[in-house]
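Okay, so here's the structure we're looking at.
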Amino acid sequence: MADAGARLILAFDFGTRRIGVAVGNELLGSARELPPLPARDGIPDWAEVARLVDEWRPDLFVVGLPLNIDDSESVMSTRARKFGKRLYGRFGVPCEMVDERGSTREAKAIAREGGHRGNYRQESVDGIAAVLILEGWFARAEGLPPR
Numbered sequence: 000m001a002d003a004g005a006r007l008i009l010a011f012d013f014g015t016r017r018i019g020v021a022v023g024n025e026l027l028g029s030a031r032e033l034p035p036l037p038a039r040d041g042i043p044d045w046a047e048v049a050r051l052v053d054e055w056r057p058d059l060f061v062v063g064l065p066l067n068i069d070d071s072e073s074v075m076s077t078r079a080r081k082f083g084k085r086l087y088g089r090f091g092v093p094c095e096m097v098d099e100r101g102s103t104r105e106a107k108a109i110a111r112e113g114g115h116r117g118n119y120r121q122e123s124v125d126g127i128a129a130v131l132i133l134e135g136w137f138a139r140a141e142g143l144p145p146r
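Here the sequence shown stands for residues 0 to 146, numbered as in numbering that gives the first Met the number 0.
Have a look at this one:
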């Protein structure tokens, strides 16, 4: 386990059909997207998650928490929390939840600027959203205002 400030982090943008994934280094404060995990009603192929964990050996998981505009939780918030608890339970790696409001909208805007044609089911932006979630966590950890 690396010291705080030098940890490798896997971040997830929870979804019912796909779960976006990003990896980042706390020391560098940078993140990059990885291929999304297919999911069935929010349940990923846990063997695929285990392969990611074996490959990257993260010190921390960060999972986006989809809160409502009034800070209340939704059904998706509950499901994202459950996903985070399952990550911890299966792999013993600490998991932090982070407010992800606006990450999907921002990910779509970034994708459009890059020439995305708008078919988000076929060409997902889940990985971009996971990067934004992790970058938001980095900013919060450094005491910066959220994006």
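We put the beta carbon where it would ideally sit given N, CA and C, even for glycine.
query	result
Report all residues from its chain with a CB closer than 6 Å to the CB of R146; omit the five preceding and five following residues, and keep chain order.	At R146, the pLDDT of 46 sits below 50, so the modelled position is not reliable; the number obtained from the coordinates is stated separately. If we look at R146 and ignore the five residues flanking it on each side, its Cβ neighbours are G135.
Please go through the same chain and pick out, in chain order, the residues whose beta-carbon is closer than 7 Å to the beta-carbon of L133, but skip the five residues on each side of it.	I8, A10, A21, G23, A30 and V61
Check this for me: beta carbons of A149 and G19, under 8 Å apart or not?	Nothing about residue 149 can be read from this structure; the chain reaches only from 0 to 146.
For the beta strand (DSSP E) that A49 lies in, which residues bound it at each end?	Taken as a continuous stretch (DSSP letters only), A49 belongs to no beta strand (DSSP E), being part of the alpha helix (DSSP H) at W45 to W55.
Do L59 and A79 come within 8 Å of each other at the CB atom, strictly closer than that value?	no
With burial defined as no fewer than 16 other Cβ atoms inside 10 Å of the residue's Cβ, what is the status of R89: buried or exposed?	exposed
L36 and R6: beta carbons closer than 8 Å?	no
When you measure from the CB of A79 to every non-hydrogen atom of the ligand SAM, does any distance come out below 7 Å?	The ligand SAM is not among the ligands present in this structure, which contains no ligands whatsoever.
Give me whichever residues DSSP pairs with V62 in a beta bridge.	F11 and M96
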